[in-house]
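> According to full-length UniProt numbering, the sequence shown holds residues 1 to 258 in order.
I'd like to ask you about the structure that follows.
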Amino acid sequence: MIETLLSSEFVPAQLMATLKKLDTTLNIHRLIETLQKNTANPDRASQSATIMKVTNLHTGTLVLHCNEHGNISLKAPDSARASPLLYSVPGKSFLFAINHQSFPVQLYERQLDQLIPAQKITVDSDNPLFIDGAMNLFDTNPEGVGHQAFVGSINLPDRGKDIDVFDRHSLRKIAWFPHDDSAARYLVSLELLEAVDDPQAAKVAEELIYHYHPAVAWKAFQVIQNVDPIAAQRHVPLLRKLQHTRLNYLLDQQGAAA
């Protein structure tokens, strides 16, 4: 079963060899059925909370299974335009296809604060792809038109490493933030820095404004706004790209009051 690959016992070569032998389509469909049973709850609020825990709206991925070592996720097909930003994925990632589909992946070599375009690889049912996040960054939307296939992934994260943010055009690193799933941590940190009038608050906010969670990005914007309103306005286009209804409303209100 594919979930047995979420283990510290496997080195990448072993995991890849085992993954190639598996019927990934059958395994993923089984995990989906299990997830549907686990999220079924007569209480609508509890069901919604459970679904939110396994869904990443920013990346369009669904966590099908997880343990202390990592997770197995599935990214649904979409027609999304390419983000202006590229994010590193600390740890080890194994991409695979299901349903006899295939999808392209653009790899980038990491050289300090610069990305170097590398191979463009097609992942299909016979050819999964291993990516070491310390060496490479990957993009599953290289053409900027989304993808018509499901993107499966086995993720073994390195929580001790930072998530780096790169500009897609220049391929230079422009920000970073800790590899932590809890947006609450960043919100509390910003609020504490603001409460004690920490002189470094705006500098921290300049990094966290690139966070994908709208609440973190908005709080970072507020911190910058309080220190340098002109600098804050330069970040408005970035926040608009999140395409979040509530965030856009707050930006509209802020603009009207300015």
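Glycine included, every Cβ here is placed at the ideal spot set by N, Cα and C.
Go ahead and label Leu-112 buried or exposed: buried means 16 or more other beta carbons lie within 10 angstroms of its beta carbon, across all protein chains shown.
Result: exposed.
> Which class does Ala-82 belong to by DSSP, given the choice of helix, strand or coil?
Here Ala-82 sits in coil by DSSP.
> Considering only the beta carbon of each residue, do Ser-189 and Phe-94 sit closer than 9 Å?
No. Outside cutoff.
> How should Tyr-186 be labelled, buried or exposed, when 16 other C-beta atoms within 10 angstroms of its C-beta is the threshold for buried?
Looking at its Cβ environment, which holds 16 or more other Cβ atoms inside 10 Å, Tyr-186 is buried.
> Would you list, in sequence order, the uninterrupted beta strand (DSSP E) runs of no fewer than 3 residues that lie entirely inside the segment 114 to 141?
DSSP runs (the beta strand (DSSP E)) wholly in the segment 114 to 141: 114 to 123, 129 to 132, 136 to 139.
> Does the separation of the CB atoms of Phe-62 and Leu-19 fall below 9 Å?
In the sequence under discussion, the amino acid at residue 62 is Leu, which differs from the Phe named in the question. Cβ distance not < 9 Å, so Leu-62 and Leu-19 don't count as in contact.
> With Gly-255 as the anchor, note down where its beta strand (DSSP E) starts and where it stops.
Element bounds for Gly-255: not the beta strand (DSSP E) but the alpha helix (DSSP H), 245 to 257.
> Between which residues of its own chain and Ala-231 is the CB-CB distance below 7 Å, once the five residues before and five after are set aside?
Only Ile-224 meet the Cβ criterion.
> So His-65 and Leu-86 are supposed to be a Cβ contact under 8 Å. How far apart are they, rounded?
With a Cβ gap of about 27 Å, His-65 and Leu-86 do not count as contacting.
> Locate the alpha helix (DSSP H) running through His-65, then write down its first and last residues.
No alpha helix (DSSP H) holds His-65; the beta strand (DSSP E) holding it covers 61 to 66.
> Enumerate in chain order the residues of its own chain whose CB-to-CB distance from Arg-159 is below 6 Å, with the five nearest sequence positions on each side excluded.
Closer than 6 Å at the Cβ level, and outside the excluded window around Arg-159, lie His-179.
> What does a CB cutoff of less than 7 Å around Ala-175 pick up in its chain, not counting 5 residues either side in sequence?
Closer than 7 Å at the Cβ level, and outside the excluded window around Ala-175, lie Val-165, Glu-207, Tyr-210.
> Spatial neighbours of Gln-119 within its chain, please: CB distance less than 7 Å, with the 5 preceding and 5 following residues excluded, ordered by chain position.
These residues qualify, in order along the chain: Leu-107.
> Give the secondary structure of Ala-175 by DSSP, where H, G and I count as helix, E and B as strand, and everything else as coil.
Note: Ala-175 maps to strand in three-state DSSP.
> Please state the DSSP three-state secondary structure of His-29.
The answer is helix: DSSP assigns His-29 an H, G or I state.
> By how many angstroms is the C-alpha of Asp-162 removed from the C-alpha of Leu-171?
If I take the Cα positions, the gap works out to 17 Å.
> Just mark Ser-8 as buried or exposed, buried being the case when its beta carbon has 16 or more other beta carbons within 10 Å.
Classification for Ser-8: exposed.
> Ile-98 by DSSP, collapsed to three states: which one?
Here Ile-98 sits in coil by DSSP.
> Three-state secondary structure (DSSP) at Tyr-210?
DSSP places Tyr-210 in coil when its eight states are reduced to three.
> Based on Cα-Cα distance, which residue from Ser-73, Leu-192, Glu-33 lies nearest to Leu-6?
Closest by alpha carbon: Ser-73.
> Classify Phe-221 as helix, strand or coil using the three-state DSSP reduction.
Looking at Phe-221 - three-state DSSP - the assignment turns out to be helix.
> Compute the Euclidean distance between the alpha carbons of Arg-168 and Leu-193, then round it to the nearest angstrom.
Straight-line Cα distance between these residues: approximately 31 Å.
> What's the C-alpha gap between Ile-98 and Ile-2?
One C-alpha to the other measures close to 13 Å.
> Please report how far the alpha carbon of Asn-155 lies from the alpha carbon of Ala-217, in whole angstroms.
Whole-angstrom Cα-Cα distance: 25 Å.
> If Arg-110 and Asn-136 are in contact, beta carbons under 8 Å, what's the gap, nearest whole angstrom?
With a Cβ gap of about 6 Å, Arg-110 and Asn-136 count as contacting.
> For Val-123, which residues from the same chain have a beta carbon less than 7 Å from its beta carbon, with the 5 sequence-adjacent residues on both sides left out?
Leu-95, Phe-96, Ala-97, Ser-102, Phe-103, Val-105, Leu-129, listed in sequence order.
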